[in-house]
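This report concerns only the one structure given below.
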Amino acid sequence: MQNESHLEFYRRWHRLSKPYIRWQFEQFRPFIGRRVADVGCGLGNYTELLADRDFYMGIDLDEELLAELRNVHGKRPNVQTARLDITKPELKEKLTANKVDTVLCVNVVEHIEQDAFAVRNMVDAMPGGGHVCLLMPALPFLFGTLDELDGHYRRYTKRTMGALFDGLPGRVVKLYYFNLIGVPGWFIKGRVLKQRRHTNDNYAIMNALLPVVRPLENLISPPLGMSVIGIFRKD
Numbered sequence: 000m001q002n003e004s005h006l007e008f009y010r011r012w013h014r015l016s017k018p019y020i021r022w023q024f025e026q027f028r029p030f031i032g033r034r035v036a037d038v039g040c041g042l043g044n045y046t047e048l049l050a051d052r053d054f055y056m057g058i059d060l061d062e063e064l065l066a067e068l069r070n071v072h073g074k075r076p077n078v079q080t081a082r083l084d085i086t087k088p089e090l091k092e093k094l095t096a097n098k099v100d101t102v103l104c105v106n107v108v109e110h111i112e113q114d115a116f117a118v119r120n121m122v123d124a125m126p127g128g129g130h131v132c133l134l135m136p137a138l139p140f141l142f143g144t145l146d147e148l149d150g151h152y153r154r155y156t157k158r159t160m161g162a163l164f165d166g167l168p169g170r171v172v173k174l175y176y177f178n179l180i181g182v183p184g185w186f187i188k189g190r191v192l193k194q195r196r197h198t199n200d201n202y203a204i205m206n207a208l209l210p211v212v213r214p215l216e217n218l219i220s221p222p223l224g225m226s227v228i229g230i231f232r233k234d
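Numbering that gives the first Met the number 0 numbers the first residue of the sequence shown as 0 and each following residue consecutively.
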């Protein structure tokens, strides 16, 4: 793992994180329409889960990752990819032209210096009744070496995430913390041990705990979490 390439890391992450990705996806399922833009799609963590949609567009800046996604899913008639910067006007042009009604954007906005502008751009690209579904790393006190490794500018609270939607046409329909059990591990590895590598045990532990954690968080929204989720419905 020490010498793995950028693509090899994404392949490993894609392979090991599938149970966790499915849990994330469950948070957004009720709000996802028929024509979806997956912003920051990487290798296509959500592509298979969205295979039943009328239209899927995987958006990323990394052409190497997009090429791999096309190799796996490109023969599907409802799947497209696009290399786009979500802070640029081309995003709205592309999404509007393809009548996209949902943006799914998971662990992306924290990589963007002008985060409010990026969120505004995504909302602006939606039709009335469309949804922007966001998941971002939560709790600034967790910011450490693992965040630096991932190229994060920041971590969010419910308040700071909600503020990204201020003044936009529509309303926040969901805003909550997600994955409480991940907080101690991230703090220990990134703040105490100051690790600079994502090891396989990160995924193995989470996958082992999911059968217990998932139903608990479905019943009771945790007061804190490793991530914060926000879902915005445009007027």
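Beta carbons: idealized from backbone N, C-alpha and C, even for Gly.
Rounded to whole angstroms, what's the CA-CA distance from residue i to residue j? Just pull it up for me.
i: Val35; j: Gly181; result: 28 Å
i: Met225; j: Glu109; result: 13 Å
i: Pro88; j: Cys104; result: 17 Å
i: Leu174; j: Pro221; result: 12 Å
i: Phe197; j: Ser16; result: It should be pointed out that residue 197 corresponds to His in this sequence rather than to Phe. Their backbone Cα atoms lie some 12 Å apart in a straight line.
i: Arg242; j: Trp22; result: It is not possible to answer for residue 242, since the shown part of the chain is limited to 0 through 234.
i: Ile111; j: Asp37; result: 16 Å
i: Glu25; j: Ala50; result: 15 Å
i: Ile20; j: Asn44; result: 7 Å
i: Lys233; j: Gln113; result: 21 Å
i: Val263; j: Tyr152; result: No information on residue 263 is available, as it lies outside the stretch 0 to 234 that the chain covers here.
i: Val244; j: Asn217; result: Since the first residue of the chain shown is 0 and the last is 234, residue 244 is not available in this structure.
i: Thr86; j: Gly150; result: 17 Å
i: Tyr245; j: Asp61; result: No information on residue 245 is available, as it lies outside the stretch 0 to 234 that the chain covers here.
i: Phe186; j: Lys98; result: 41 Å
i: Ile230; j: Gly166; result: 15 Å
i: Pro126; j: Arg69; result: 27 Å
i: Arg205; j: Phe27; result: Note that residue 205 is Met in the sequence shown, not Arg. Distance between the alpha carbons of Met205 and Phe27: 20 Å.
i: Phe30; j: Gly184; result: 30 Å
i: Thr95; j: Ile219; result: 37 Å
i: Glu92; j: Arg170; result: 23 Å
i: His13; j: Gly41; result: 9 Å
Short of 8 Å in beta carbon distance, which residues of its chain neighbour residue i, apart from the five on each side in sequence? Order them along the chain.
i: Gly323; result: Only positions 0 to 234 of the chain appear in the structure, and residue 323 is not among them; the question remains open.
i: Leu6; result: Glu63, Leu64 and Glu67
Take residue i and list the residues in its own chain whose beta-carbon comes closer than 6 Å to its own, dropping the five residues that flank it on each side.
i: Leu208; result: Ile180
i: Tyr239; result: Because the chain here runs from 0 to 234, residue 239 falls outside it and cannot be looked at.
i: Leu48; result: Phe24
i: Tyr202; result: Leu15 and Ser16
i: Arg33; result: Arg52 and Asp53
i: Val212; result: Ile180
i: Leu90; result: Leu83, Asn120 and Ala124
i: Val118; result: Leu163
To which residues does DSSP link residue i through a beta bridge?
i: His130; result: Thr101 and Arg232
i: Ser226; result: Pro136 and Phe177
i: Tyr55; result: Val35 and Val78
For residue i, which residues of its own chain have a beta-carbon under 7 Å away from its beta-carbon, when the five flanking residues on both sides are left out?
i: Leu223; result: Leu138, Tyr176, Leu179 and Val182
i: His72; result: Gly43, Thr46 and Val78
i: Leu148; result: Arg195
i: Pro168; result: Lys233 and Asp234
i: Phe116; result: Thr86
i: Val107; result: Val38 and Gly39
i: Pro18; result: Asn206 and Leu209
Is there a Cβ from chain B that is less than 9 Å from the Cβ of residue i?
i: Pro88; result: Reference to chain B is not applicable here, since this structure consists of a single protein chain.
Check whether the Cβ of residue i sits closer than 8 Å to any heavy atom of the ligand FMN, and report yes or no.
i: Glu3; result: The ligand content of the structure shown is nil, which means the ligand FMN is not present either.
Legend entry - At least three beta-carbon pairs within less than 8 Å, the region 76-90 to the region 43-63: yes
Legend entry - Inter-stretch contact at 8 Å, needing at least 3 Cβ pairs: the region 131-140 / the region 155-162: yes
Legend entry - Within the region 11-47, ranges of the alpha helix (DSSP H) (whole runs, at least 4 residues): 17-27
Legend entry - Touch test, the region 127-134 against the region 95-102, Cβ-Cβ under 8 Å, three pairs minimum: yes
Legend entry - Within the region 153-212, ranges of the beta strand (DSSP E) (whole runs, at least 3 residues): 169-177
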